[in-house]
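Peer 1: In this note's numbering, the protein residues as written are 332 to 737. Ideal Cβ placement from N, Cα and C applies to all residues, glycine included. Since this is a predicted model, take the numbers as computed values, not measurements. I'd like to ask some things about the structure below.
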Amino acid sequence: MLTDKAVKAMKPGARLYRRADAKGLCIEVQPTGARYWRYRYRFGGKAKMFSLGVYPEVSLAEARERCDEARRALRSGIDPGAKRKQDKLIAKVLTVTSFEPVAREWLAGRGKLADTTRAKTLWALTSHAFPWIGKRPIGEITAPELLAVLRRLESRGKLETAQRLKQICGQVFRYAVATGRAERDPSADLRGVLKTKKTRHFGAITDPAKVGPLLRAIDGFPGSLIVACALKLAPMVFVRPGELRKAEWAEFDLDRAEWRIPAERMKMRQMHFVPLATQAVAVLRDLQPVTGRGTFVFPGIVNWRHPMSENTINAALRRLGYTGDEMTGHGFRSMASTLLNEQGWPPDVIERQLAHAESNKVRAAYNHAEYLAERRKMMQAWADHLDVLKRGATVVPIRKASGAGL
């Protein structure tokens, strides 16, 4: 019989070998040094071998206990090897494979997803998918069944929500395929089936002759100082509205005229660097005595522990007399992009400052500082140009298109 000391002392050889204990129990030593407990037995006239675990995770005493259990099954006319396969099959069948738990598992595994996106995704599933297909085995859900779920939204005029839910469900089904719980993605069969809503473009003023009146209207905004400063800063930094309204004082270095937006707040999940023109710094210094002791540069009116609401800028523009088709908070980005391109700034510099998507992931990891010197010049020149337009003076190009270069 084997002893703990003998098992521990066993060394690998050039070839696999086994050492017997008793009652069919043996230990198998592989050339790699791995050691496995085996139970050798006969069933139905055939020699068989049953795995009892890996040494040292399974000790000699534990291996003997497992061997005794297998022998008891054998005495009852049960093949222990076949029983294990059957148990695994039953466990697989019992594994939760309905749509809802698979969807929740998929969503939980998306670590880099923004909190707001995660919440919206869960809300869409909980409100519009789980009540109808949540308990259905995910591998049995058909394209017509999924379409019926989406048609409920279409019938209520929720066309964008239906499209979004189809995309989400498609990702869940593809995850199920990848994890062996479905054969295919039925959402792929629904391509082109759903109604689409005509794309609505963000209202934006891109005519230099109309930019001046807008800036003068902003200077005369009759509302709160916080909203007024947000309106003044928006055209100078042309970040996304959400990135502006959620700005935190800790992200700014006014002495260095820099704003670093962390990756978790950026749409593309990459840190974004915003050089600040002297005019932008002046706006922030005016606001700092008012909100500087809090977290947010532009806190909410009711609760300063939260940023201003997402509709505040658009509501302020409506108050100034601009409709949604004329100008929106997002429109400041289109304004800057159009006019800076017209004035000859290198497209790569403009795109980098707009923080648009970078297809090369390696390059994207470092692009927050790319063209930095040129971007500093551009941002200051852009703010100066806005001042010229605001005064209503003759428009002088801030850069010659023919001479644009890095």
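1) How far does the beta strand (DSSP E) with valine 385 in it reach, from first residue to last?
2) Rounding to the nearest angstrom, what Cα-Cα distance links methionine 658 and lysine 721 in this structure?
3) Using a Cβ-Cβ cut-off of 8 Å, state whether valine 385 counts as contacting chain B.
4) Leucine 356 bridges to which residues according to DSSP?
5) Tell me, please, which residues DSSP counts as bridged to arginine 512.
6) Using the Cβ count rule (16 or more neighbours within 10 Å means buried), how would you classify isoleucine 464?
7) Quick check: the stretch 543-563 against the stretch 622-632, are there 3 or more CB pairs under 8 Å?
8) Within 10 angstroms of its Cβ, does alanine 594 collect 16 or more other Cβ (buried), or is it exposed?
9) With distances taken from CA atoms, which of Gln684, Asp520, Arg403 is nearest leucine 703?
10) Starting from glutamate 705, follow the alpha helix (DSSP H) in both directions and report where the run begins and ends.
11) Would you mind giving the Cβ-Cβ distance between alanine 474 and proline 411, rounded to the nearest angstrom? I have them listed as a contact below 8 Å.
12) Any idea if leucine 347 is buried or exposed, counting beta-carbon neighbours within 10 angstroms, 16 or more meaning buried?
13) Does tyrosine 653 come out as helix, strand or coil in the three-state DSSP assignment?
14) Threshold first: 3 residues or longer. Then list the beta strand (DSSP E) segments lying entirely within the stretch 580-660, N to C.
15) Leaving aside the five residues before and after proline 606 along the sequence, list all residues of the same chain whose C-beta is less than 6 Å from its C-beta, in chain order.
16) I'd like to know if the stretch 520-529 and the stretch 538-551 are in contact, where contact means that at least 3 CB-CB pairs between them fall below 8 Å.
17) Taking the alpha helix (DSSP H) that arginine 571 belongs to, which residues open and close that run?
18) For alanine 351, which residues does DSSP report across the bridge?
19) Answer with buried or exposed for asparagine 645, where buried requires no fewer than 16 other C-beta atoms within 10 angstroms of its C-beta.
20) For leucine 546, which three-state DSSP category applies?
21) Would you check if the distance between the CB atom of valine 568 and the CB atom of alanine 611 is smaller than 8 Å?
22) Does tryptophan 590 pass the burial test, meaning 16 or more other C-beta atoms within 10 Å, or should it be called exposed?
23) Taking a contact to mean a Cβ-Cβ separation below 8 Å, would you say arginine 467 touches phenylalanine 430 in this structure?
24) What span of residues does the alpha helix (DSSP H) with serine 407 cover, start to end?
25) Between the Cα of proline 620 and the Cα atoms of Thr609, Arg587, Trp580, Leu717, which residue gives the shortest distance?
26) Rounded to whole angstroms, what is the Cα-Cα separation between glycine 660 and glutamate 471?
27) Reducing DSSP to helix, strand and coil, say where proline 432 ends up.
28) Let me know if valine 338 comes out buried or exposed under the rule of 16 or more other beta-carbons within 10 Å of its beta-carbon.
29) Determine the DSSP secondary structure at proline 539, reduced to helix, strand or coil.
30) Please report the distance separating the alpha-carbon of leucine 717 from that of leucine 564.
31) For glutamine 739, does the count of other Cβ atoms within 10 angstroms reach 16, so buried, or fall short, so exposed?
32) Would you call arginine 366 buried or exposed, if buried means 16 or more other Cβ atoms sit within 10 Å of its Cβ?
33) Please name the residue, chosen from Glu582, Gly442, Val433, that lies closest to leucine 456 on a Cα-to-Cα basis.
34) For arginine 547 and glycine 652, I'd like the C-alpha separation in whole angstroms.
35) Identify which residue in Arg571, Trp635, Val508, Pro677 has its Cα closest to the Cα of glycine 662.
36) Buried or exposed: alanine 394, going by 16 or more other Cβ atoms within 10 Å of its Cβ?
Peer 2: Straight from the coordinates:
1) 377-386
2) Approximately 16 Å, taken between the alpha carbons.
3) Here chain B cannot be found, since the structure has a single protein chain.
4) Tyr370
5) Per DSSP, none; premise fails for arginine 512.
6) buried
7) yes
8) Per the 10 Å Cβ criterion, exposed.
9) Checked all of Gln684, Asp520, Arg403; the closest Cα to leucine 703 is Gln684.
10) That run of the alpha helix (DSSP H) goes 703-722.
11) Not really, about 44 Å apart at Cβ, beyond 8 Å.
12) exposed
13) coil
14) Entirely contained in the stretch 580-660, the beta strand (DSSP E) runs reaching 3 residues are, in chain order, 589-592, 603-606.
15) Arg706, Arg707, Met710
16) no
17) First-last for arginine 571: undefined, no H or E at that position.
18) According to DSSP, alanine 351 bridges with Cys357.
19) buried
20) In the structure shown, leucine 546 adopts helical secondary structure according to DSSP, grouped into three states.
21) yes
22) buried
23) yes
24) No alpha helix (DSSP H) contains serine 407, which DSSP labels as neither H nor E.
25) Residue Trp580 is the option with its Cα nearest to proline 620.
26) 45 Å
27) helix
28) buried
29) Under the three-state reduction of DSSP output, proline 539 falls in the helix class.
30) 11 Å
31) The structure shown does not extend to residue 739, since the chain is modelled only from 332 through 737, so no value can be given for it.
32) buried
33) Checking every option, the nearest Cα to that of leucine 456 belongs to Val433.
34) 13 Å
35) Nearest to glycine 662 by alpha-carbon distance, out of Arg571, Trp635, Val508, Pro677, is Arg571.
36) buried
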